[in-house]
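To keep things clear, I will list the structure first and then write my remarks on it.
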Amino acid sequence: MLHLSLRIRASLVLLLLLASVVTLLVKADQGPLFEANFLTLLPQQQQGKLPSATLAAAQHQVNKQLGNQVIFLIGQPDLKQAQQAASTLSSLLQQAPQIAKVNLTINTEQQRQLGQFYFPLRSYLLSPAQQQAINVDFGQQVAQQALMALYGPMAATNSQLLQQDPFFLFATSLSQLLPKPNHGQLAQGYISFHYQGLHYVLVTAHTHSDHFSLQQQASLSEYIDDILQQVEQTYSVTTLKSGALFYSQAGANSAKTEISSIGLGSLLGVILLVLICFRSITPLILTFSAIACGCLVALATTVLVFGQIHLFTLVIGASLIGVSVDYSFHYLVEAQQKQPLQRVYHGITAGLCTSVTAYLTMALAPFPGLQQLAVFASSGLIFCYLFVLGIFPLIKWQHRPPTLGMHYLPWLLKPAQRLSQRATLVSAALLLACSAWLLTSNDDIRQLQQLPAELTAQEKQIKTITQQQLESYYLLIQGQNEADLLTLNQIVSVQLDKLKQQQTLDGYQSISQWVPSLNQQQQSHLAWQQLINHQLSLYLTQLGMTQAEQNKITQTLMTSPAPLTLTQWLASPVSEQFGWLALPQQHASLVILSGVKDKARLQQLVDSLPKVELVDQRAQLSALFKQYRQLMTLLLVLAYGIILLALWGYFGRQVATKIILAPILAALSSLAVLALTGQAINLFHVIALILVLGIGIDYTLFFAAQQGILIPKRQQEKMKPMSNKQRNIYPTHLAITLSALTTILSFGLLALSDTYAIASFGTTVLIGIIAAYGFAPIALQPWRSAEEQS
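Its first residue numbered 0, the sequence shown is counted upward by one per residue in numbering that gives the first Met the number 0.
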């Protein structure tokens, strides 16, 4: 690049910057640039029995349903008082614009809609018990029970019902369809639970969306907290709440706290460090401009390649681009010298090549999140390098030679310089053995975010009171068509009912409870016809009806509409509560499970059915994280190997070994410390080790460049080792020290985060950078020429 004139280099930088701005403006006009859905970072789920598109649609449906639901329990010793408090809460919730609906009572209107929808289809809805009673004696016992009910002291009927449902079967059929709690009581339409002397009334609400802007989310969460406090004070009740909304807001609050404390603290630390060292604001502006413009170009490149960028990529990628601060510091500490760019060119160029090689290894993984990260970090780093070459030499300012640490920095070089080759190998072996012996892994995604203790305690108490232990996994069923889907649902329901009888399952929710299969409806209709043909005439005669009246009733009862279809049910208001279980476009449906006592038994059941799959997203994502942690570990080792071979081929064995030793020892030190402190590694530890490689190898490269040994091996035959007098190590050592301190302030402080994934990343970087800084002077050990080696 130095063979190009400064004007051409600067023009190239400005042209790339302008192109990036134009790209972002065009892409922003086409749609949102940023993506916040964590699942988009992950590869498509591996296809099992069912297509991945069906699995994706099912998971979207579940996330949408559970994501926009909030649950409340209102507890009070007096049931009526608890019901009044719940009613007040319901009214206040409905005033929030973000709330779509509130469910408080099962009212008569819902029951009327159910009766109105299902009554014309009553001949298709006989329960298995009703069908069995008819088949035993052609319905004789059913007819006798109807007569007893009709003439009993509690009889309540009318002539119209007698003509349309003479045996009073529909009431029993309808009772099976009414939503009712498994363990609660239904009184005056309210669902309540009695627990430790208190009556808890259930209130559920759904928001218009499962995700809002941060401002809308904060507004709704604050409003709910206010009205809960108001209800508690007015009615002297205990309130419990649960829902994804509250966890999301707690996460947002935690992020704001960390940004304002850790983020602001590290930023101020870096600014103060640069100002103290260079005693001018110009180096500070140049350094931050390079990183900011690098992030802008990286953002444009990533959006151009992938269409959108995830916020996770933006945050972690910006951290990786922060490696470019090395290039700025090395130029700035040499700025007072003649031709400063020529003095640092070989070091920063070699550093760029090795860092980009390390980052691009992530693109080899079939993991969208890592591919985005590789493109973002590599493109941003390359632009920062060009920015130093093209813009920094244009800026003139009053140079003040830095003197920070001039007297004590040399002492930090001695330990690594005195480390013999044997001691180095022994250290590496000990660190490797410690890591291999003690290190464990934990890829459970539940550990990646620290959930607020108060919210988890309330959620646990709600589950205890309601005895509703909804599982995080569910069954997914897919048929060839709608009729096939209903048949499969019926088969699965029969098997699940057996598990309930064996007390290995508390309950489930399935569309088969609302829409029987076509075969079951036909069997019901046959039993209905059998009852009419064998018992109706005698039954109506006993009631004193004439033949003409009997013929009219018989004709009405034998005339039935077509069987109930899933499409018909979904189009009716009665499907409002459970219609989300169906995926009509995929001819698929969900079965939600609660209280599974034996998951292995459930898995055996699923394995025996060809078109049914047990979807456990948490387990699948944990397995996926494990798979890609292992893959990233291999890619990290591959990156070390590629860099070593490239350095060996160009600079020779001696130079390559001295350069690669420090980052290897730094990575092993990080793993050893994690092992000794009992921390289990995950994917984010491995990603952090890539950053340690990118930064650690820069340190040794800059020392090697300062020693004058970064030249092709064919030219090393005539090269003589430089004496200490010939070398001025201070500028290079100062730049590396500044780089290490800013990295620790920027990324090492992330170890204080409450979010485990971020803390894992920060801890690894902190240990690795300290170790890389300590081992980097290995590159300054006496170098022997080819003549001396022979």
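Glycine is no exception: its CB is placed at the ideal position from the N, C-alpha and C atoms.
Neighbour-count burial assignment, residue i, 16 or more Cβ in a 10 Å radius
i: residue 724; result: Confidence at residue 724 is low in this model, with a pLDDT of 46, below 50, so its placement is unreliable and no value can be given for it.
i: residue 513; result: buried
i: residue 111; result: exposed
i: residue 425; result: exposed
i: residue 855; result: Coverage of the chain is limited to positions 0 through 789, which leaves residue 855 absent and any answer about it impossible.
i: residue 33; result: exposed
i: residue 436; result: exposed
i: residue 198; result: buried
i: residue 787; result: Interpretation of residue 787 is limited by its pLDDT of 44, a score under 50 that renders its predicted location unreliable; the figure taken from the coordinates is listed afterwards. With fewer than 16 Cβ atoms within 10 Å of its Cβ, residue 787 is classed as exposed.
i: residue 747; result: buried
i: residue 333; result: buried
i: residue 2; result: exposed
i: residue 214; result: exposed
i: residue 368; result: buried
i: residue 235; result: exposed
i: residue 339; result: buried
i: residue 572; result: exposed
i: residue 612; result: buried
i: residue 560; result: exposed
i: residue 586; result: buried
Nearest residue (CA-CA) to residue i, options the options
i: residue 89; options: 76, 386, 72 and 78; result: 72
i: residue 596; options: 498, 742 and 625; result: 498
i: residue 474; options: 580, 526 and 486; result: 580
i: residue 687; options: 542, 0 and 361; result: 361
i: residue 764; options: 730, 779, 676 and 668; result: 668
i: residue 357; options: 588, 59, 642 and 186; result: 642
i: residue 377; options: 367, 387, 762 and 353; result: 353
i: residue 770; options: 700, 672 and 677; result: 672
i: residue 588; options: 280, 49, 15 and 379; result: 49
i: residue 116; options: 694, 303 and 563; result: 563
i: residue 78; options: 95, 191 and 16; result: 191
i: residue 516; options: 370, 167, 487 and 389; result: 487
i: residue 342; options: 774, 738, 451 and 704; result: 704
i: residue 791; options: 51, 56 and 663; result: It is not possible to answer for residue 791, since the shown part of the chain is limited to 0 through 789.
i: residue 316; options: 616, 539 and 296; result: 296
i: residue 240; options: 556, 266 and 200; result: 200
i: residue 460; options: 74, 0 and 252; result: 74
i: residue 568; options: 551, 481 and 141; result: 481
i: residue 630; options: 689, 651 and 648; result: 689
i: residue 523; options: 640, 238, 128 and 373; result: 128
i: residue 220; options: 288, 683 and 96; result: 96
Delimiting residues of the alpha helix (DSSP H) encompassing residue i
i: residue 280; result: 280-305
i: residue 648; result: 616-650
i: residue 532; result: Run containing residue 532: none; DSSP gives neither H nor E here.
i: residue 164; result: Per DSSP, residue 164 belongs to no alpha helix (DSSP H) and is neither H nor E.
i: residue 728; result: 728-745
i: residue 480; result: Note, residue 480: premise wrong, no alpha helix (DSSP H); not H, not E.
i: residue 367; result: 367-389
i: residue 342; result: 339-359
i: residue 796; result: This structure leaves residue 796 out entirely; the chain is present only between 0 and 789.
i: residue 572; result: Where residue 572 is concerned, there is no enclosing alpha helix (DSSP H), given that its DSSP letter is neither H nor E.
i: residue 554; result: 546-557
i: residue 539; result: 536-541
i: residue 757; result: 755-774
Per DSSP, cross-strand counterpart(s) of residue i
i: residue 184; result: 191
i: residue 475; result: 589 and 612
i: residue 75; result: 198
i: residue 440; result: 680
i: residue 33; result: 308
i: residue 205; result: 68 and 100
i: residue 581; result: 588
i: residue 469; result: 593
Start-to-end residues for the beta strand (DSSP E) that takes in residue i
i: residue 238; result: 237-242
i: residue 508; result: 504-508
i: residue 102; result: 98-102
Please confirm if the region 525-533 is in contact with the region 129-148, defined as three or more CB-CB distances below 8 Å between the two stretches. By the Cβ criterion, the region 525-533 is in contact with the region 129-148, since at least three pairs of Cβ atoms, one from each stretch, lie closer than 8 Å.
I want to know whether the region 428-447 touches the region 541-553 - three or more CB-CB distances under 8 Å. Inter-segment contact for the region 428-447 and the region 541-553 is absent: fewer than three beta-carbon pairs are separated by less than 8 Å.
Count Cβ pairs between the region 279-297 and the region 99-108 that sit closer than 8 Å; are there 3 or more? Pairwise C-beta distances place the region 279-297 out of contact with the region 99-108, as fewer than three of them are shorter than 8 Å.
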